[in-house]
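A.B. asks: Supplied in structure tokens, the structure appears directly below.
Number of protein chains: 4
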Amino acid sequence: MEGEFNIVSLSKIRVRYEETDQMGYVYYGNYFTWLEVGRTGLFRDIGMPYTMLEKRGLRLPVTDAQCRYRSSARYDDIITVRTVIVKLTPARIQFNYQLESEAGNVMAYGSTTHAFVDRTGKPMNMSKKDPDLWNLMLDRLKEKGV
Amino acid sequence: MEGEFNIVSLSKIRVRYEETDQMGYVYYGNYFTWLEVGRTGLFRDIGMPYTMLEKRGLRLPVTDAQCRYRSSARYDDIITVRTVIVKLTPARIQFNYQLESEAGNVMAYGSTTHAFVDRTGKPMNMSKKDPDLWNLMLDRLKEKGV
Amino acid sequence: MEGEFNIVSLSKIRVRYEETDQMGYVYYGNYFTWLEVGRTGLFRDIGMPYTMLEKRGLRLPVTDAQCRYRSSARYDDIITVRTVIVKLTPARIQFNYQLESEAGNVMAYGSTTHAFVDRTGKPMNMSKKDPDLWNLMLDRLKEKGV
Amino acid sequence: MEGEFNIVSLSKIRVRYEETDQMGYVYYGNYFTWLEVGRTGLFRDIGMPYTMLEKRGLRLPVTDAQCRYRSSARYDDIITVRTVIVKLTPARIQFNYQLESEAGNVMAYGSTTHAFVDRTGKPMNMSKKDPDLWNLMLDRLKEKGV
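What follows is the structure, encoded as structure tokens:
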């Protein structure tokens with residue numbers, strides 16, 4: 234199902250003072266929080282907020298995370314997180330991200346892969362374990378994804 | 234029971250780059266994480282690690298937190314967190330903290346008050362709800378507190 | 234000058250997953266980042282963004298911070314930070330904060346006091362060291378403050 | 234110079250409550266702070282603490298960061314960060330990391346690449362810009378790296 238989804242979700246964040254470090258830019262680890270803002274924005278966009286997925290018993294722990302930094306984000310900058318789904322299987326989901334300045338420059342590229350697990354942390358096959366949720370997710374992604 | 238306990242717990246932390254901000258010092262909110270290191274160190278010192286309290290069904294959410302900053306902590310500093318219990322009732326516990334530099338200067342004073350609540354977040358009277366744990370805590374504090 | 238200013242600044246934040254802890258609520262130290270969002274929002278509201286103050290050579294390190302927690306904030310909640318200035322002298326400024334849920338319930342009360350210092354961290358008397366900035370700040374607060 | 238260095242630096246951290254999230258494990262972004270603890274430990278081991286490098290005018294912003302998560306870290310766990318240098322040129326340095334539980338299980342693999350830049354953020358060729366520092370670094374790595 235790789236590359237099938239055209240949905241693009243945009244989230245905006247404003248850089249907090251807390252997120253900077255003494256080099257005068259944003260600490261590299263904090264970009265991963267912004268990726269979270271991006272992907273949860275995408276779930277909200279398709280009408281399946283992450284709070285709903287959790288209530289349904291689903292968890293999406295990260296199995297792989299990566300960020301390439303091209304330009305340093307600074308305090309008070311407005312950053313747009315552009316999120317896409319690049320891979321979806323009943324066992325896992327992968328998001329790619331592009332972080333952009335107000336002027337449209339790419340600040341960073343990110344990627345996270347998540348396993349679908351249940352409340353106890355056990356990996357699950359979503360299409361078998363919760364086919365309704367799985368089909369709903371596919372439908373919503375198609376609807377929104379033009 | 235105010236002021237009855239003489240136990241003093243010392244924890245050391247080394248300041249992380251992540252904890253600084255662009256002013257070149259530690260971000261004020263991060264001191265509260267160090268207070269956490271201090272009070273969980275105290276629980277460990279009396280043989281009742283916080284993990285054990287949680288397994289037992291107890292939670293200690295903060296109801297009041299305060300910090301007075303006297304001298305700015307910097308990256309790579311070694312800070313000693315000196316923690317004492319200043320108040321303990323079956324419903325709540327209050328810790329005071331002194332953060333000290335390696336040279337012995339006081340960097341900050343802190344204070345946190347915590348309610349005893351159960352797994353669901355309901356306030357509890359520990360001496361009634363879990364008298365064994367309550368008495369054990371009193372005993373341990375007396376033993377160590379000389 | 235205590236209590237003279239009527240300006241109220243409102244900032245909205247959405248709780249991030251990163252801000253929660255394993256108790257299932259927001260970690261107590263993270264509220265202080267939201268207070269930062271509130272006070273920098275106030276400076277923006279009066280046309281004096283904190284980035285401008287820093288460029289001018291001013292720094293506002295926190296000398297005292299406090300938070301009283303009344304109700305636990307949860308992941309994905311929308312929180313309004315209501316910020317007011319309760320004290321302003323040429324040497325320091327104090328903000329009070331009220332954090333409110335979407336339903337209008339008070340989640341927490343906060344307070345921070347800041348010293349005015351220069352680039353090197355030396356305390357300054359703003360009315361003497363930078364009277365233009367000081368008078369501009371007073372003017373803007375009066376204008377906006379009804 | 235890839236793969237030439239045998240130095241291995243070990244740092245220990247204890248997981249803080251603040252680092253967990255409501256899934257009950259450590260938030261994925263916080264592992265990157267631990268990687269920082271690992272690489273600054275390595276610099277300390279060879280007698281060139283990062284504070285000294287900064288005083289000398291050197292900065293090491295991250296250009297690429299990656300983490301693969303194999304097993305979830307929990308509150309109060311003791312984690313060992315095993316850090317190695319896998320690549321060093323006059324323009325950049327790459328570290329690999331292995332995070333291990335007390336039982337010796339691998340919790341995660343990490344990697345970060347850093348550019349050498351000056352105070353103003355301009356990329357530098359260390360062997361030309363500060364040959365003394367560059368040669369000292371090579372010597373120390375050889376000495377310790379047996």
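Residue numbers (this note's numbering), protein chains in the order written: chain A, 234 to 379; chain B, 234 to 379; chain C, 234 to 379; chain D, 234 to 379.
Beta carbons: idealized from backbone N, C-alpha and C, even for Gly.
Who pairs with residue 342 of chain B in a beta bridge, going by DSSP?
C.D. replies: In the DSSP output, where bridge partners are listed per residue, residue 342 of chain B has B:301 and B:331.
A.B. asks: I need the straight-line Cα distance from residue 350 of chain B to residue 294 of chain B, nearest angstrom please.
C.D. replies: Distance between the alpha carbons of residue 350 of chain B and residue 294 of chain B is about 8 Å.
A.B. asks: Starting from the Cα of residue 297 of chain C, find the closest Cα among B:302, B:296 and B:298 and give me that residue.
C.D. replies: It is B:302 whose Cα lies nearest to the Cα of residue 297 of chain C.
A.B. asks: Just curious, the alpha helix (DSSP H) that residue 284 of chain D is in, first and last residue?
C.D. replies: 283–288 is the extent of the alpha helix (DSSP H) around residue 284 of chain D.
A.B. asks: Check whether the segment 354–366 of chain B and the segment 306–324 of chain B are in contact - that is, three or more C-beta pairs closer than 8 Å.
C.D. replies: Segments in contact, yes.
A.B. asks: Which residue marks the beginning of the alpha helix (DSSP H) containing residue 377 of chain C, and which one marks its end?
C.D. replies: From DSSP, the alpha helix (DSSP H) with residue 377 of chain C extends over 364–377.
A.B. asks: By Cβ distance, which residues of its chain are closer than 6 Å to residue 300 of chain A, with the 5 residues on each side in sequence left out?
C.D. replies: The residues are 264, 341 and 343.
A.B. asks: Answer yes or no: does any C-beta atom of chain B fall closer than 8 Å to that of residue 391 of chain C?
C.D. replies: Residue 391 of chain C lies beyond the residue range present for chain C, which begins at 234 and ends at 379; the question has no answer from this structure.
A.B. asks: Within a Cβ cutoff of 7 Å, which residues of the same chain sit near residue 331 of chain A, ignoring the five residues on either side of it in sequence?
C.D. replies: Result list for residue 331 of chain A: 315, 339 and 342, in chain order.
A.B. asks: Decide if residue 262 of chain B is buried, meaning its Cβ has at least 16 other Cβ atoms within 10 Å, or exposed.
C.D. replies: Answer is buried; the Cβ neighbour count reaches 16.
A.B. asks: Can you give me the start and stop residues for the beta strand (DSSP E) that residue 321 of chain C sits inside?
C.D. replies: It spans 311–321 - the beta strand (DSSP E) in which residue 321 of chain C sits, taken as one unbroken run.
A.B. asks: Should residue 297 of chain D be flagged as near chain B, meaning a C-beta pair shorter than 8 Å?
C.D. replies: Cβ-Cβ to chain B under 8 Å: no for residue 297 of chain D.
A.B. asks: Thinking residue 318 of chain A and residue 374 of chain A are a contact (beta carbons under 8 Å), I'd like their distance in whole angstroms, please.
C.D. replies: Residue 318 of chain A to residue 374 of chain A, Cβ: 7 Å. Contact.
A.B. asks: Determine the chain B residues that contact residue 282 of chain C at a beta-carbon separation under 8 Å, and present them in chain order.
C.D. replies: What residue 282 of chain C touches in chain B: nothing, since even the nearest Cβ is about 14 Å away.
A.B. asks: Considering only residues of the same chain and omitting the five flanking positions on each side of residue 242 of chain A, which have a CB-CB separation below 6 Å?
C.D. replies: So the qualifying residues of the chain are 274, 275, 278 and 316.
A.B. asks: Residues of chain C with CB under 9 Å from residue 354 of chain D, in chain order?
C.D. replies: Going along chain C, no residue has its Cβ under 9 Å from residue 354 of chain D, so there is no contact; the nearest lies around 17 Å.
A.B. asks: Quick check: is the beta carbon of residue 248 of chain D nearer than 8 Å to any beta carbon in chain B?
C.D. replies: By this cut-off, residue 248 of chain D is not an interface position.
A.B. asks: Taking 7 Å as the line, does the beta carbon of residue 317 of chain B fall inside it for any heavy atom of the ligand ZN?
C.D. replies: This structure does not include the ligand ZN; it has no bound ligands of any sort.
A.B. asks: Across which residues does DSSP place residue 293 of chain C in a beta bridge pair?
C.D. replies: In the DSSP output, where bridge partners are listed per residue, residue 293 of chain C has none listed.
A.B. asks: Among D:253, D:329, D:280 and D:291, whose alpha-carbon lies nearest the alpha-carbon of residue 269 of chain D?
C.D. replies: Nearest option by C-alpha distance: D:329.
A.B. asks: Report yes if the C-beta distance between residue 267 of chain D and residue 312 of chain D is below 8 Å; otherwise report no.
C.D. replies: Yes.
A.B. asks: By DSSP, does residue 270 of chain A sit in helix, in strand, or in coil?
C.D. replies: Helix at residue 270 of chain A.
A.B. asks: Mind pulling the chain D residues with CB within less than 7 Å of residue 310 of chain C?
C.D. replies: In chain order: nothing, as chain D lies at least about 12 Å away.
A.B. asks: Could you compute how far the alpha carbon of residue 246 of chain A sits from the alpha carbon of residue 245 of chain C?
C.D. replies: One C-alpha to the other measures close to 12 Å.
A.B. asks: Which stretch, first to last residue, makes up the beta strand (DSSP E) that contains residue 241 of chain A?
C.D. replies: 241–247 is the span of the beta strand (DSSP E), which, as asked, contains residue 241 of chain A.
A.B. asks: Comparing the C-beta of residue 305 of chain D with each C-beta of chain A, is any distance below 8 Å?
C.D. replies: Yes, contact with chain A.
A.B. asks: If we count the other Cβ atoms within 10 Å of its Cβ and call it buried at 16 or more, is residue 353 of chain B buried or exposed?
C.D. replies: With fewer than 16 Cβ atoms within 10 Å of its Cβ, residue 353 of chain B is classed as exposed.
A.B. asks: How big is the Cα-Cα spacing for residue 285 of chain D and residue 289 of chain B?
C.D. replies: The straight-line gap from Cα to Cα measures roughly 47 Å.
A.B. asks: Please classify residue 277 of chain A: does DSSP put it in a helix, a strand, or coil?
C.D. replies: Looking at residue 277 of chain A - three-state DSSP - the assignment turns out to be helix.
A.B. asks: Nearest-angstrom Cα distance between residue 336 of chain D and residue 251 of chain B?
C.D. replies: Answer to the nearest angstrom: the Cα atoms are 28 Å apart.
A.B. asks: On the criterion of 16 or more Cβ atoms from any shown chain inside 10 Å, does residue 280 of chain A qualify as buried, or is it exposed?
C.D. replies: Per the 10 Å Cβ criterion, exposed.
A.B. asks: Please tell me whether residue 269 of chain C has its Cβ less than 8 Å away from any Cβ of chain D.
C.D. replies: Closer than 8 Å: no.
A.B. asks: Ignore the nearest five residues each way along the sequence and tell me which others in residue 327 of chain D's own chain have a CB closer than 6 Å to its CB.
C.D. replies: 319, 320 and 346.
A.B. asks: Under 9 Å, CB to CB, which of the residues in the segment 308–338 of chain D have a partner in chain A?
C.D. replies: From the segment 308–338 of chain D, no residue has a Cβ closer than 9 Å to chain A.
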